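See structure below.
There are 2 protein chains.
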Amino acid sequence: MRRGRASETGVGRGRPGYAREDVLLAAVDAFNAAGYEATSMGALAVRLGVTKSALYHHVSSKEELLREALDRALSALGGVIDDVRSLEGSDMERLRLLVRGTTLALCAEAPYVTLLLRLRGNSEVERSAMDRRREYTRIVAGLVAGAQADGDLRADVDPATVGRLLFGMVNSLVEWYRPDGELSAEELAALTGKMAFGGLVPRS
Amino acid sequence: MRRGRASETGVGRGRPGYAREDVLLAAVDAFNAAGYEATSMGALAVRLGVTKSALYHHVSSKEELLREALDRALSALGGVIDDVRSLEGSDMERLRLLVRGTTLALCAEAPYVTLLLRLRGNSEVERSAMDRRREYTRIVAGLVAGAQADGDLRADVDPATVGRLLFGMVNSLVEWYRPDGELSAEELAALTGKMAFGGLVPRS
Chain A
1 MRRGRASETG VGRGRPGYAR EDVLLAAVDA FNAAGYEATS MGALAVRLGV TKSALYHHVS
61 SKEELLREAL DRALSALGGV IDDVRSLEGS DMERLRLLVR GTTLALCAEA PYVTLLLRLR
121 GNSEVERSAM DRRREYTRIV AGLVAGAQAD GDLRADVDPA TVGRLLFGMV NSLVEWYRPD
181 GELSAEELAA LTGKMAFGGL VPRS
Chain B
1 MRRGRASETG VGRGRPGYAR EDVLLAAVDA FNAAGYEATS MGALAVRLGV TKSALYHHVS
61 SKEELLREAL DRALSALGGV IDDVRSLEGS DMERLRLLVR GTTLALCAEA PYVTLLLRLR
121 GNSEVERSAM DRRREYTRIV AGLVAGAQAD GDLRADVDPA TVGRLLFGMV NSLVEWYRPD
181 GELSAEELAA LTGKMAFGGL VPRS
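Right, dumping it as structure tokens:
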């Protein structure tokens, strides 16, 4: 959230909340564009138009930025999981909510989720985030299996693979979604829902 | 091509075709794991268990490997486009063939297509490959629009977005597909076809 002008040094001295958000987003954009390993704190300072020491005044390390950015993506997705778990309804209804909620979360936090999806497991921070991503995958597979058992989805397909493909579709949004694009997040959530659950082909 | 000293160390002495394939695949695996920029020819030589000069005997530059790897991915996908163009049938039938053919091509050339999909446009070689990827996206959007005009797909959804999401699903295969995995390429092609065209939800 923007609270006002940054200080004369740029990195929001006296307004850490404002600066922190800017620093984090700039870092994530740099990580997504050039890769985490290839982005130095020096390059990040240049990108922000501040000195390296001004940057280190707010951030102890590049890894701290990575951890914070991944936490943000995982919190958004974790919120969706919480909503899905507290929904009274069938597994198919839960799966629909998961597709919808994930689409909205991806649109709201696109740069952060992009970073999460591109992890290669090169450090403990990355591996820990990947573990939580895999937990998501297991939840999806469980809901697909439940919907199959209820007769709401074909039972002759592997639930884990269906789950991966469904969320492969949803996750691919981060490659091209722009907040100022033609379709709103709500319109995209309606579309991913249709595509996931057969609503795209007219029923005869 | 740069001609280095004859290799004493076994980069395909007497089997240049065989060696080339090994070098290319090792390079692509390294690019996918650590990123193209972060992979040096020295690191690649270590990975292959050869000296750097032996590697340069076969390959003039890292960029040559990148170009060759991307050509391989683009040829596989271009072959699918050719098949689709020569198919006598409706746009919906062409779209089905495109989903099926792309799934099979991705499974057959997974490491190469992974590299293509992860491009960031950091060089002329990358940008040229990305142009051809975008052409693919335009062909998909055209087929979706045609299928909509024929009443085979709902007409109230944006064809370009539907195309991106469809192929976002198909492309996501490269993140987890393994040739020795539980599902064969053919089974996966049947599954992506079902998922793309509403076959997953039983019709009542």
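Chains as they are written, first to last, in full-length UniProt numbering: chain A, 1 to 204; chain B, 1 to 204.
No residue lacks a Cβ here, since even glycine has one placed at the ideal position from N, Cα and C.
Since the structure is predicted, the reported quantities are computational estimates derived from the model, not experimental observations.
Given a threshold of 16 other Cβ atoms within 10 Å of its Cβ, counted over all protein chains shown, does residue i qualify as buried or as exposed?
i               : result
A196 of chain A : buried
E182 of chain B : exposed
G198 of chain A : buried
Y177 of chain A : buried
E88 of chain A  : exposed
G42 of chain A  : exposed
P179 of chain B : exposed
R164 of chain B : buried
S172 of chain B : buried
Y56 of chain A  : exposed
P202 of chain A : exposed
Just verifying my parser: in three-state terms, what is the DSSP assignment at residue i?
i               : result
P159 of chain B : helix
E182 of chain A : coil
Y56 of chain A  : helix
A30 of chain A  : helix
D82 of chain B  : helix
A189 of chain A : helix
F197 of chain A : coil
S172 of chain A : helix
V23 of chain A  : helix
D71 of chain B  : helix
G42 of chain B  : helix
E63 of chain A  : helix
L48 of chain B  : helix
G35 of chain A  : coil
R154 of chain A : coil
Just the C-alpha distance for residue i and residue j, rounded to the nearest angstrom, thanks.
i               : j               : result
A76 of chain A  : S60 of chain B  : 46 Å
Y136 of chain B : V174 of chain B : 17 Å
E64 of chain B  : A33 of chain B  : 18 Å
A30 of chain B  : V23 of chain A  : 30 Å
R20 of chain A  : V157 of chain A : 46 Å
L188 of chain A : L116 of chain A : 20 Å
V140 of chain B : T39 of chain B  : 33 Å
E93 of chain A  : P111 of chain A : 28 Å
A26 of chain A  : L166 of chain A : 30 Å
G142 of chain B : G168 of chain B : 16 Å
A147 of chain B : D91 of chain B  : 5 Å
A108 of chain B : V46 of chain A  : 43 Å
E37 of chain A  : S86 of chain B  : 45 Å
K62 of chain B  : L44 of chain A  : 27 Å
H58 of chain B  : L104 of chain B : 30 Å
L74 of chain B  : P159 of chain B : 23 Å
R15 of chain A  : L106 of chain A : In this predicted model, R15 of chain A has a pLDDT of only 47, less than 50, meaning its place in the structure is not dependable; the value taken from the coordinates is given anyway. Approximately 28 Å, taken between the alpha carbons.
L95 of chain A  : E186 of chain A : 17 Å
L200 of chain A : V162 of chain A : 17 Å
V28 of chain B  : V113 of chain B : 10 Å
R134 of chain B : V170 of chain B : 16 Å
G66 of chain B  : R118 of chain A : Per the sequence presented here, residue 66 of chain B reads as Leu, with Gly not at that position. C-alpha separation (whole angstroms): 20 Å.
G12 of chain B  : G35 of chain B  : Because the pLDDT at G12 of chain B is just 42, under 50, the model does not fix this residue reliably, and the value given afterwards should be weighed accordingly. The straight-line gap from Cα to Cα measures roughly 26 Å.
V144 of chain B : R138 of chain B : 10 Å
V84 of chain B  : V84 of chain A  : 40 Å
S184 of chain A : S184 of chain B : 37 Å
* Asked: What runs of the beta strand (DSSP E), each 3 residues or longer, lie entirely inside the segment 84-144 of chain B?
  -> As far as the segment 84-144 of chain B is concerned, it has no whole beta strand (DSSP E) run of at least 3 residues.
* Mind the definition here: the segment 68-80 of chain A touches the segment 43-57 of chain A only if three or more C-beta pairs lie below 8 Å; say whether that holds. => Flag = no, the segment 68-80 of chain A and the segment 43-57 of chain A do not touch.
* Asked: Taking three-plus beta-carbon pairs below 8 Å as touching, is the segment 123-131 of chain B in contact with the segment 59-72 of chain B?
  -> The segment 123-131 of chain B vs the segment 59-72 of chain B: in contact.
* Asked: Looking at C-beta atoms only, is the number of pairs between the segment 83-101 of chain B and the segment 185-195 of chain B that lie closer than 8 Å three or more?
  -> The segment 83-101 of chain B makes contact with the segment 185-195 of chain B; the number of CB pairs closer than 8 Å reaches 3 or more.
* Determine, using beta-carbon pairs with one atom in the segment 110-123 of chain A and one in the segment 143-157 of chain B, whether at least three such pairs fall under 8 Å. => The segment 110-123 of chain A is not in contact with the segment 143-157 of chain B.
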